[in-house]
Each structure stands twice: as structure tokens, then as C-alpha cells.
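Numbering of the sequence shown is given in numbering that gives the first Met the number 0, commencing with residue 0 and proceeding in unit increments. Structure, as C-alpha cells:
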Amino acid sequence: MDRFLKIHSDFKFNGKQYDSIGFYSFAKEITNSEEEFERHLSKFVLEWFDENNYVEVTTSGTTGTSKIIRLKKEAMVNSALATAAFFDLKSNCKALHCLPMQYIAGKMMLVRAMVLGWDLDFVKPDSRPLDGNEKNYDFAAMVPLQVENSIEQLHLVKKVIIGGAKLNPDLSNKLKQLPADFYETYGMTETITHIAAKRIQDTAFSVLPGIVISTDERNCLVIDAPRLSDIKIVTNDVVELQDGSKFVWLGRFDNVINSGGVKLFPERIEEKLGRKIPYRFFVIGKPDTSLGEKLVLVIESSPYELETSLFDDLGKFEKPKEILFVPKFSETETGKIKRAETIK
Numbered sequence: 000m001d002r003f004l005k006i007h008s009d010f011k012f013n014g015k016q017y018d019s020i021g022f023y024s025f026a027k028e029i030t031n032s033e034e035e036f037e038r039h040l041s042k043f044v045l046e047w048f049d050e051n052n053y054v055e056v057t058t059s060g061t062t063g064t065s066k067i068i069r070l071k072k073e074a075m076v077n078s079a080l081a082t083a084a085f086f087d088l089k090s091n092c093k094a095l096h097c098l099p100m101q102y103i104a105g106k107m108m109l110v111r112a113m114v115l116g117w118d119l120d121f122v123k124p125d126s127r128p129l130d131g132n133e134k135n136y137d138f139a140a141m142v143p144l145q146v147e148n149s150i151e152q153l154h155l156v157k158k159v160i161i162g163g164a165k166l167n168p169d170l171s172n173k174l175k176q177l178p179a180d181f182y183e184t185y186g187m188t189e190t191i192t193h194i195a196a197k198r199i200q201d202t203a204f205s206v207l208p209g210i211v212i213s214t215d216e217r218n219c220l221v222i223d224a225p226r227l228s229d230i231k232i233v234t235n236d237v238v239e240l241q242d243g244s245k246f247v248w249l250g251r252f253d254n255v256i257n258s259g260g261v262k263l264f265p266e267r268i269e270e271k272l273g274r275k276i277p278y279r280f281f282v283i284g285k286p287d288t289s290l291g292e293k294l295v296l297v298i299e300s301s302p303y304e305l306e307t308s309l310f311d312d313l314g315k316f317e318k319p320k321e322i323l324f325v326p327k328f329s330e331t332e333t334g335k336i337k338r339a340e341t342i343k
């Protein structure tokens with residue numbers, strides 16, 4: 000067996016200690032489990048221990064069609080080690096795994112546990128992962144919806160990383176009142192989950208060990224992570240570099256709206272509106288004969304009358320020229336909103 004695929008001697012899964020052979024046998028036993036999330040677990044574990052040096056992973060498809068890519072197992076191990084160093088997570092760390100195994104975030108929670116020797120509790124990846132659970136954890140990874148639905152139980156976890164979607168300002172403010180450490184993460188499937196993270200109290204992301212960042216001519220982030228990827232990864236995320244290891248995320252290049260010659264970042268406008276709209280929403284550019292693109296606010300709700308003070312915090316060019324109400328947003332399997340499809 001490849002040295003990278005040996006399980007740490009301290010690894011525990013749902014309270015039981017496993018070595019590589021034992022965990023492989025367990026995975027085979029649940030291949031035909033009645034629970035879909037256990038079948039996804041089995042599939043990944045069997046793939047992890049096969050003769051290939053890579054794992055096939057499906058991208059999220061947020062900005063286009065999802066696709067299958069190959070990630071080197073050695074790179075996944077390197078990612079786990081970088082996470083451990085950044086967040087100071089050692090062996091015997093008590094961790095909660097509540098993410099879908101068919102996506103990279105779920106796969107990496109298990110890889111971290113196997114490589115680093117964690118005591119891992121694996122639960123069904125639903126929207127309320129801590130319901131009925133009174134155990135204490137050192138570490139957990141969640142998406143914003145899970146965090147929002149677990150506010151009352153989050154005191155049970157010391158460190159929580161949040162990814163998969165942008166954290167809204169209202170939820171962020173609630174989390175700042177809690178005793179746990181909460182981090183917003185930045186990454187994608189191609190970077191084997193996060194390559195940077197920031198405490199929710201901060202504005203700038205700090206990169207993990209072994210990551211070098213720069214920007215291209217569009218001011219989009221370029222990631223050089225030789226331990227994770229053989230090539231530099233050019234993103235569509237417009238950022239402001241603060242130094243060699245920190246950046247402020249401004250928004251997606253493909254979301255930028257050019258309205259009358261003024262560049263508008265939807266994500267920044269949404270942040271200002273975050274605490275004022277009680278429903279999911281986003282802003283987007285719509286073709287316009289005089290402006291080129293006009294700013295449109297799209298709200299997932301039945302039509303209602305908006306408060307006149309709603310746009311008081313927005314700049315002159317940030318105020319929407321049109322408001323649309325949509326019964327249900329189009330979204331990916333992981334819950335990310337597909338803006339272009341929704342407005343169609």
C-alpha cells in the first residue's frame with residue numbers, strides 16, 4: 000500500500016479505531032447500505048485505497064456545467080497537512096463530519112481524519128447536523144445553512160470552518176456573539192477545498208502554508224500551489240492583495256456589472272443589503288440600451304412593498320434600477336445560487 004494511503008494509528012470513525020485494512024473492509028460492508036450518504040462514503044473509501052494515484056471529483060457547477068476532474072491523492076494528503084498546520088489541529092482531534100461525501104469538502108474531511116489521526120463522528124449531511132447531539136468537538140466544517148440551523152448547538156464546537164457559499168452579514172453578526180472560533184474559507188474543487196481562510200471578524204483572507212498568490216491583468220486571483228496542483232490556477236475572483244499572504248475578496252469577475260462605464264461588484268452591494276432583506280436575494284446586470292447594463296435586484300419571494308430606506312447605505316450607482324421577485328431560485332446540488340439561470 001502506498002505510504003500516503005496509510006491510516007494514522009490514532010484514527011477513529013464513529014468511536015471505533017480502524018487501520019487501513021479494517022476501514023477498507025468496513026467500506027465494503029456498507030457498499031449496498033440503505034442510506035445514500037453511507038454508499039457515497041463507501042465509494043470514496045474504496046477509491047482511496049485502489050491502485051490509482053488520483054481520485055475523481057465532481058466540481059460544483061456554480062458558474063457553469065459541473066465536470067469530473069482528477070485530483071492526486073498525494074495532493075489531497077498535502078492539503079490535509081496544510082489545514083492541520085493553519086488551524087493547529089493535532090492527532091486525536093475530535094471532529095464532526097456532516098458534509099456530503101460526493102463532493103470535495105466531504106471527501107477532505109475524511110482524508111484529514113485518516114491522515115492526521117482524528118476521532119471522527121460521521122453523521123447524515125442534512126441541514127441540522129447537531130440536532131440531538133450533546134458531544135463536544137474540536138473542529139467541524141459546515142455550509143452556511145447548517146451553521147444557521149445550528150446556532151443553539153454551536154457552543155459545542157471549538158473551531159468551525161464555513162464554506163460552499165458566501166456568509167451573509169446577519170448570520171456573521173450572530174456568530175460573533177458565540178464563544179467558538181468561526182472561519183470563512185476560500186477555495187474550490189481544483190484547489191482541494193480551501194487555500195485561504197479568515198476569522199469572521201476580519202476582512203482579509205490569509206493563505207495556508209505552501210500557497211503563493213498573485214493577480215492577473217483583470218485583478219483576479221492567481222494561485223500557485225505546487226503541493227496541490229501541477230499548474231497555476233487562474234480564478235475569476237477579483238481581489239485586492241494586501242501583502243504576499245493576504246487578500247480581500249471583492250467579487251466574481253463574471254458577475255461584475257458595467258453600468259454606464261461604472262464597475263459594480265454585486266457581492267459588495269449584497270453585503271450592504273444583507274440585513275435589510277428577509278429573503279434570499281442577489282443583484283445582477285441586465286442588458287440596457289442606455290447604460291449597457293442596468294443593476295437589477297432579484298428577491299426569492301412573492302412581491303411585496305420594499306421599505307424606502309432599504310437603499311440608504313448604497314452609493315449613487317449601486318441603487319437597483321429594477322426589482323424582480325422570483326418564487327424559487329435555480330441552484331446547484333450544493334445549494335449555490337445560479338444567478339444567470341434564475342433571471343432567465
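Glycine included, each C-beta is placed from N, C-alpha and C at the ideal position. Keep in mind it's a predicted model, so treat the numbers as computed, not measured.
{"Check": "Quick check: L296 and I322, are their CB atoms within less than 8 angstroms of each other?", "Outcome": "yes"}
{"Check": "Mapping the DSSP letters down to three states, classify I160 as helix, strand or coil.", "Outcome": "strand"}
{"Check": "Could you tell me which residues DSSP puts in a beta bridge with C97?", "Outcome": "Answer by DSSP bridge pairing: none, since C97 is not bridged."}
{"Check": "Please report the Cβ distance between F324 and S301, rounded to the nearest whole angstrom; I am assuming they are in contact, meaning their Cβ atoms lie under 8 angstroms.", "Outcome": "6 angstroms"}
{"Check": "Helix or strand or just coil, what does DSSP make of V169?", "Outcome": "Reading off the sequence, residue 169 comes out as Asp, not Val. Three-state result, D169: helix."}
{"Check": "Residues in its own chain within less than 6 angstroms of H96 by CB, not counting five upstream and five downstream?", "Outcome": "M108, L119 and F121"}
{"Check": "Could you give the C-beta distance for H7 and S78, rounded to a whole number, given that I count them as a contact under 8 angstroms?", "Outcome": "Rounded, the Cβ-Cβ distance is 15 angstroms, inconsistent with contact."}
{"Check": "Quick check: the region 217 to 230 against the region 257 to 264, are at least 3 beta-carbon pairs closer than 8 angstroms?", "Outcome": "no"}
{"Check": "Please check the pair F246 and A196, which I expect to be a contact at CB under 8 angstroms, by giving their CB distance rounded to whole angstroms.", "Outcome": "No, F246 and A196 are not in contact; Cβ-Cβ is about 12 angstroms, not under 8 angstroms."}
{"Check": "State the DSSP-derived secondary structure class of S371, mapped to helix, strand or coil.", "Outcome": "No answer is possible for residue 371: the residues shown for the chain start at 0 and end at 343."}
{"Check": "Tell me which same chain residues have a C-beta within less than 7 angstroms of the C-beta of K5, skipping the five on either side of it?", "Outcome": "S19"}
{"Check": "From which residue to which residue does the alpha helix (DSSP H) around G243 run?", "Outcome": "Element bounds for G243: n/a, residue is neither H nor E."}
{"Check": "Can you tell me the Cα-Cα spacing of I199 and Y17, whole angstroms?", "Outcome": "35 angstroms"}
{"Check": "To the nearest angstrom, how far is it from the Cα of L313 to the Cα of V233?", "Outcome": "31 angstroms"}
{"Check": "Which one of E269, D287 and V146 has the shortest CA to CA distance from N257?", "Outcome": "D287"}
{"Check": "Assign P265 to one of three DSSP states: helix, strand, or coil.", "Outcome": "helix"}
{"Check": "Look at K320 and K293 and say whether their C-beta atoms are less than 8 angstroms apart.", "Outcome": "yes"}
{"Check": "Using the beta-carbon count (16 or more within 10 Å), is L70 buried or exposed?", "Outcome": "buried"}
{"Check": "Along the chain, where does the alpha helix (DSSP H) that runs through S78 open and close?", "Outcome": "K72 to F86"}
{"Check": "Taking DSSP as the reference, what is the three-state secondary structure of K11?", "Outcome": "strand"}
{"Check": "Check each candidate in I67, A74, R111 and I68 and name the one with the smallest Cα separation from F86.", "Outcome": "R111"}
{"Check": "Just to confirm, is the Cβ distance from I283 to T192 under 8 angstroms?", "Outcome": "no"}
{"Check": "Work out the CA separation of F316 and S289 for me, nearest whole Å.", "Outcome": "14 angstroms"}
{"Check": "Rounding to the nearest angstrom, what Cα-Cα distance links I298 and E306 in this structure?", "Outcome": "14 angstroms"}
{"Check": "Taking one C-beta from the region 150 to 166 and one from the region 178 to 185 each time, how about it: are there three or more such pairs within less than 8 angstroms?", "Outcome": "yes"}
{"Check": "In terms of residue numbering, what span does the alpha helix (DSSP H) encompassing S19 cover?", "Outcome": "S19 to E28"}
{"Check": "Please report the distance separating the alpha-carbon of R251 from that of L115.", "Outcome": "34 angstroms"}
{"Check": "Could you give the residue range of the beta strand (DSSP E) that holds S126?", "Outcome": "Premise fails: S126 is in no beta strand (DSSP E) and is neither H nor E."}
{"Check": "With distance defined between alpha-carbon atoms, name the residue in E332, E151 and K158 nearest to K173.", "Outcome": "E151"}
{"Check": "Just verifying my parser: in three-state terms, what is the DSSP assignment at L294?", "Outcome": "strand"}
{"Check": "Does the distance from the CB of D242 to the CB of L220 come in under 8 angstroms?", "Outcome": "no"}
{"Check": "Answer with buried or exposed for G14, where buried requires no fewer than 16 other C-beta atoms within 10 angstroms of its C-beta.", "Outcome": "exposed"}
{"Check": "Answer with buried or exposed for T30, where buried requires no fewer than 16 other C-beta atoms within 10 angstroms of its C-beta.", "Outcome": "exposed"}
{"Check": "Does the distance between the C-beta of K15 and the nearest non-hydrogen atom of the ligand FMN fall short of 7 angstroms?", "Outcome": "Although the ligand FMN was asked about, the structure shown includes no ligands whatsoever."}
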